[in-house]
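Before any comments, here is the structure.
Numbering (the working numbering), first residue to last: 35 to 235.
Pasting the structure below:
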């Protein structure tokens, strides 16, 4: 059981949320987007939100700043969140403007807002769950896309809601977070996307 829940924590790691949202958009949108536009967004976003953070993780681990990819302590989370904010800003200012997509732009604005909120909470010695923050962000983005494009993806939303519960269960079982840390993380993710909906819905 522990191995299964560990695998779930890795699969739904917050590292994969930005690229997950980007791919989700291109799968769901009825708008025509050329292969050039798709690759122009997906490839640099994958490099900036997956490859570069992994490189920074290896550097920080070798320096002894962090001990695990799950960042168990409050202090360990600060540097990765600083890096995450910078990378998200780079996407907003350099990547998306080159192949501008309204919905994706505000999805990343929401992610930046949520990451900033999680960082502020760290200074208050509160460790909000980044796993649930990511799941909440992606879930709200899915709901927003469904309403915006008037498409029925209820099944996908239902499955992702169940997966969010499974991720929360795994984090509780592995004693990575308390219930309140999971709840606050999930609410930050949902609310950050909810705030941006009025600008693109």
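Ideal Cβ positions, reconstructed from N, Cα and C, are used throughout, including at glycine.
Limits of the alpha helix (DSSP H) - the one that residue i falls within
i, result
"residue 95", "86-96"
"residue 107", "From DSSP, residue 107 is part of no alpha helix (DSSP H); its letter is neither H nor E."
"residue 226", "213-234"
"residue 58", "51-62"
"residue 78", "69-80"
Check whether residue i and residue j have beta carbons under 9 Å apart
i, j, result
"residue 49", "residue 88", "yes"
"residue 220", "residue 169", "yes"
"residue 223", "residue 167", "yes"
"residue 194", "residue 173", "yes"
"residue 211", "residue 161", "yes"
"residue 94", "residue 164", "no"
"residue 47", "residue 86", "no"
Three-state secondary structure (DSSP) of residue i
i, result
"residue 137", "helix"
"residue 99", "coil"
"residue 124", "helix"
"residue 186", "coil"
"residue 35", "coil"
"residue 112", "helix"
"residue 148", "helix"
"residue 210", "coil"
"residue 153", "helix"
"residue 165", "helix"
"residue 200", "helix"
"residue 46", "coil"
"residue 158", "coil"
"residue 142", "helix"
Own chain, CB closer than 7 Å to residue i, minus 5 neighbours either side, in chain order
i, result
"residue 178", "227, 231, 235"
"residue 122", "142, 145, 146, 149"
Neighbourhood of residue i by C-beta, 6 Å cutoff - its chain only, sequence neighbours within 5 removed
i, result
"residue 140", "230, 233, 234"
Close beta carbons around residue i, own chain, < 8 Å, minus the five adjacent residues each side
i, result
"residue 203", "39"
"residue 76", "53, 56, 57, 60"
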